[in-house]
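J.:
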Amino acid sequence: MTNNALVKLQDVTQKYQTGKKEFVAVSGVNLTVSEGEYVALLGPSGCGKSTLLRIITGLQKPSEGNVLYRDRPVVGVNPYATIVFQTFALFPWLTVQQNVEVALKARGLSADERTRRSLELIDRVGLDGFETAYPRELSGGMRQKVGFARAMAVEPELLCLDEPFSALDVLSAESLRGELLELWINGGIPTKAILMVTHNIEEAVFMADRVVVMDKDPGRVVADVIVDLPHPRQHKSPRFVNIVDQVYAILAGQTQPEYVEVGTAPGEPGRTRALPDIAIGDLIGVLERLLKMPDHTADIFRLAEELRVDSDYLLRLTEAAELLGFATLAQGDITLTPLGETFAEARILTRKEIFATRIRRLPLFKWLLRMLEATDTHRLERNVILAALQLDFPPEEAERQLDLIIEWGRYSELLEYDDSSGMIFQGADVAAGSQV
Ligand code: ADP
Ligand code: MG
Numbered sequence: 020m021t022n023n024a025l026v027k028l029q030d031v032t033q034k035y036q037t038g039k040k041e042f043v044a045v046s047g048v049n050l051t052v053s054e055g056e057y058v059a060l061l062g063p064s065g066c067g068k069s070t071l072l073r074i075i076t077g078l079q080k081p082s083e084g085n086v087l088y089r090d091r092p093v094v095g096v097n098p099y100a101t102i103v104f105q106t107f108a109l110f111p112w113l114t115v116q117q118n119v120e121v122a123l124k125a126r127g128l129s130a131d132e133r134t135r136r137s138l139e140l141i142d143r144v145g146l147d148g149f150e151t152a153y154p155r156e157l158s159g160g161m162r163q164k165v166g167f168a169r170a171m172a173v174e175p176e177l178l179c180l181d182e183p184f185s186a187l188d189v190l191s192a193e194s195l196r197g198e199l200l201e202l203w204i205n206g207g208i209p210t211k212a213i214l215m216v217t218h219n220i221e222e223a224v225f226m227a228d229r230v231v232v233m234d235k236d237p238g239r240v241v242a243d244v245i246v247d248l249p250h251p252r253q254h255k256s257p258r259f260v261n262i263v264d265q266v267y268a269i270l271a272g273q274t275q276p277e278y279v280e281v282g283t284a285p286g287e288p289g290r291t292r293a294l295p296d297i298a299i300g301d302l303i304g305v306l307e308r309l310l311k312m313p314d315h316t317a318d319i320f321r322l323a324e325e326l327r328v329d330s331d332y333l334l335r336l337t338e339a340a341e342l343l344g345f346a347t348l349a350q351g352d353i354t355l356t357p358l359g360e361t362f363a364e365a366r367i368l369t370r371k372e373i374f375a376t377r378i379r380r381l382p383l384f385k386w387l388l389r390m391l392e393a394t395d396t397h398r399l400e401r402n403v404i405l406a407a408l409q410l411d412f413p414p415e416e417a418e419r420q421l422d423l424i425i426e427w428g429r430y431s432e433l434l435e436y437d438d439s440s441g442m443i444f445q446g447a448d449v450a451a452g453s454q455v
């Protein structure tokens, strides 16, 4: 792996001057990306992901450490690496074709050659027929394809992508991911390696061969997880889910073994861990409050006073936060984990995705999803589930647990519930098997 290394960061530290203070954005990062690798860089916002991409592409020189490209120090802009940004940085006054050709101009190709190459690239990213369109006529997904075509026009050995799908709607993101993977896997692009920044965990595991996990304060690498799954990857396959969970656990700073933490399913030997009786809106309120606290930490009882909830309820909220890996408790303090931070900062759809991945691993949800999967119509009557829960919980508690399961399941879109018929359904996403 070292002999075909493209980029190597050695003990890279980046400090920024903010006013009179010096701020360490990235500290002691070692990272190698080799030929043939698709590497995802994952971590909470502010952990220095974009900073590392700028350093790798030579747009910025680190305060300390070495940046090597094919074992030679990078001086000035790195001609072998290109970045595609999440915002579609196109020239609005140029057509699709012109936007791609611009990138080729700098390479000193003849006009004919530029035209030939750009038409070919536009075709390859699936924009055939849109050569003369202007960016404003295109959807977000199509504009991002122009961005890809333009980045690929210079045939970079290392393609750096900075959250390339995060500004797209769910469907465009999904299809563009598939198209990029296809180009990459089938050798449709001359690129030798891809380094993609994302904060979507499933996206990272879906696309990359390695997921490098960062944490912040200061920004640093905390784990390097190999994803040795063949393409096309199945979001629901046990090995996929396993790796996703592993990455979540790293971000959640999970310390207890899984069975202690989440309990067992109804009907299985061992304790069925009840869901804490809380409203999701209140949980979000607590996490958002913590996000504003110094060190993302608060004293639990002071927090109860501040949020004007009784301390019993706050304890249930903190239990839920801990169960989901959003916070840790120690000595009467509650602290957000990097995952909790990511959740609190995220927008609604990402929050739902994170929530879904977290509750999928809880035995109560695994058990219910398995039962739904086993029925022809993927639906079950409320009373059937209630009866099953009553084997593990007293009647009143079983009722409460079912209500919580439905509320959490609905929020995460893993479940749907029709109040009038009392029917519980698999969520549409689960049924379609698409979760990114
Ligand atoms: P990420 O891409 O992971 O969200 P960034 O690399 O953008 O993180 O930023 C890392 C940290 O460095 C953040 O706290 C950010 O505010 C800070 N930062 C980034 N660029 C500068 C800059 N030019 N001057 C001062 N601080 C910066
Ligand atoms: Mg960034």
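Letter by letter, the sequence shown follows residues 20 to 455 in our numbering.
We put the beta carbon where it would ideally sit given N, CA and C, even for glycine.
Since this is a predicted model, take the numbers as computed values, not measurements.
#1: Is Asn402 helix, strand or coil by DSSP?
#2: Between Leu123 and Ala168, is the Cβ-Cβ spacing less than 7 Å?
#3: Is the stretch 179 to 187 in contact with the stretch 213 to 231, if contact means three or more CB pairs nearer than 8 Å?
#4: Terminal residues of the continuous alpha helix (DSSP H) containing Leu348?
#5: Measure the beta-carbon distance from Ala24 to Val230 and round it to whole angstroms, keeping in mind my assumption that it falls under 8 Å.
#6: Give a single yes or no on whether Ser210 has its beta carbon closer than 6 Å to a heavy atom of the ligand ADP.
#7: Report the partner residues of Ile102 according to the DSSP bridge assignment.
#8: My output table needs one value for Ala227: the three-state DSSP class, helix, strand or coil.
#9: Measuring alpha carbon to alpha carbon, tell me which residue in Leu358, Leu334, Ile299, Glu338 is nearest His315.
#10: Where does Pro81 sit, in a helix, a strand or coil, going by DSSP?
#11: For a cutoff of 7 Å on Cβ pairs, would you count Ile75 as touching chain B?
#12: If Leu410 and Glu360 are in contact, beta carbons under 8 Å, what's the gap, nearest whole angstrom?
#13: Since Pro92 sits in a beta bridge, which residues does DSSP pair it with?
#14: Does the stretch 87 to 100 come within contact of the stretch 110 to 118, defined as at least 3 CB pairs closer than 8 Å?
#15: Whole beta strand (DSSP E) runs in the stretch 363 to 431 with 3 or more residues, listed along the chain?
#16: Let's see if you can read the secondary structure: which residues bound the beta strand (DSSP E) around Leu311?
#17: Ignoring anything shorter than 4 residues, give me the alpha helix (DSSP H) runs that lie fully in the stretch 244 to 274, in order along the chain.
#18: Within 6 Å: the Cβ of Cys179 and any heavy atom of the ligand ADP?
#19: Within the continuous beta strand (DSSP E) that includes Val31, where are the two ends?
#20: Less than 7 Å between the beta carbons of Arg5 and Asp264, yes or no?
#21: Bridge partners for Asp234 per DSSP, in chain order?
#22: Would you mind sorting Gly428 into buried or exposed? The rule is 16 or more other CB atoms within 10 Å of its CB.
#23: Return yes when the Cβ of Ser64 is within less than 7 Å of the Cβ of Lys34, no when it is not.
#24: Indicate, with yes or no, if the ligand MG has a heavy atom lying under 6 Å from the CB of Lys235.
#25: Where does Thr76 sit, in a helix, a strand or coil, going by DSSP?
#26: Is the beta carbon of Ser256 within less than 6 Å of some heavy atom of the ligand MG?
#27: Quick one: what's Leu61 bridged to in DSSP?
#28: Which residues in the same chain have their Cβ closer than 8 Å to the Cβ of Gly344, if we skip the five residues on either side of it in sequence?
#29: List the whole-angstrom C-beta distance separating Glu426 from Ile299, where the pair is believed to meet the contact cut-off of C-beta under 8 Å.
#30: Quick check: Ile208 and Leu202, are their CB atoms within less than 7 Å of each other?
#31: Could you pull the DSSP bridge partners for Asp501 from this structure?
T.: Well, looking at it:
#1: Against the sequence shown, residue 402 aligns to sequence position 383. Helix at Asn402.
#2: In the sequence shown, residue 123 corresponds to position 104, counting from 1. In the sequence shown, residue 168 corresponds to position 149, counting from 1. In this structure, Ala168 does not lie closer than 7 Å to Leu123 by Cβ.
#3: yes
#4: Residue 348 sits at position 329 when you count from the first residue of the sequence shown. From DSSP, Leu348 is part of no alpha helix (DSSP H) but of the beta strand (DSSP E) over 346 to 349.
#5: Your numbering for residue 24 matches position 5 in the sequence shown. Your numbering for residue 230 matches position 211 in the sequence shown. Not quite, the Cβ-Cβ distance comes to about 18 Å (not below 8 Å), so this is no contact.
#6: Counting from one through the sequence shown, the residue named residue 210 turns up at place 191. Looking at the sequence itself, residue 210 is Thr, so the reference to Ser does not match. The answer is no for Thr210.
#7: If you number the sequence shown from 1, residue 102 lands on position 83. According to DSSP, which records beta bridges pairwise, Ile102 is partnered with Cys179.
#8: The residue given as residue 227 occupies position 208 in the sequence shown. Residue state, collapsed to three classes: coil.
#9: Mapped onto the sequence shown, residue 315 falls at position 296. Selected option, being the one with the closest Cα: Leu358.
#10: Your numbering for residue 81 matches position 62 in the sequence shown. It is coil, neither helix nor strand.
#11: No chain B is present in this structure, which holds just one protein chain.
#12: The residue given as residue 410 occupies position 391 in the sequence shown. The residue given as residue 360 occupies position 341 in the sequence shown. So it is not a contact: roughly 38 Å between Cβ atoms.
#13: Working through the sequence shown from its first residue, we reach residue 92 at position 73. Bridge partners of Pro92: Leu87.
#14: no
#15: 398 to 400
#16: Walking along the sequence shown from the start, residue 311 turns up at place 292. Note that residue 311 corresponds to Lys in the displayed sequence, not to Leu. Looking at the DSSP string, Lys311 is not in any beta strand (DSSP E), and its letter there is neither H nor E.
#17: 257 to 271
#18: Translated into positions along the sequence shown, residue 179 becomes position 160. No, since every heavy atom of the ligand ADP falls outside the 6 Å radius drawn around the Cβ of Cys179.
#19: Here residue 31 refers to the residue found at position 12 of the sequence shown. Where Val31 is concerned, the enclosing beta strand (DSSP E) stretches over 24 to 37.
#20: With the chain covering only 20 through 455, there is no way to say anything about residue 5.
#21: Along the sequence shown, read from residue 1 onward, the residue named residue 234 stands at position 215. Its beta-bridge partners are Arg239.
#22: Taking the sequence shown and counting its residues from 1, the one referred to as residue 428 is at position 409. Buried: at least 16 other Cβ atoms inside 10 Å.
#23: Taking the sequence shown and counting its residues from 1, one reaches residue 34 at position 15. Taking the sequence shown and counting its residues from 1, one reaches residue 64 at position 45. Taking 7 Å as the Cβ cut-off, Lys34 and Ser64 do not qualify as a contacting pair.
#24: For the purposes of this step, residue 235 is identified with residue 216 of the sequence shown, where counting begins at 1. No, Cβ of Lys235 sits at least 6 Å from all heavy atoms of the ligand MG.
#25: The sequence position of residue 76 within the sequence shown is 57, counting from 1. Note: Thr76 maps to coil in three-state DSSP.
#26: Within the sequence shown, the letter at position 237 stands for residue 256. It does not: the Cβ of Ser256 is nowhere closer than 6 Å to a heavy atom of the ligand MG.
#27: Working through the sequence shown from its first residue, we reach residue 61 at position 42. Leu61 pairs with Thr217, Val232.
#28: Taking the first residue of the sequence shown as 1, we reach residue 344 at position 325. These residues qualify, in order along the chain: Tyr267, Ala268, Leu270, Ala271, Gly272, Gln273, Thr356, Leu358, Gly359, Arg377.
#29: Within the sequence shown, numbered from 1, the residue matching residue 426 stands at position 407. Within the sequence shown, numbered from 1, the residue matching residue 299 stands at position 280. With 8 Å as the limit, Glu426 and Ile299 qualify as a contact, their Cβ atoms being about 7 Å apart.
#30: On the sequence shown, position 189 is the one that residue 208 refers to. On the sequence shown, position 183 is the one that residue 202 refers to. It is a contact, given that the beta carbons lie within the stated cut-off.
#31: Here the chain has residues from 20 to 455 only, and residue 501 is not among them.
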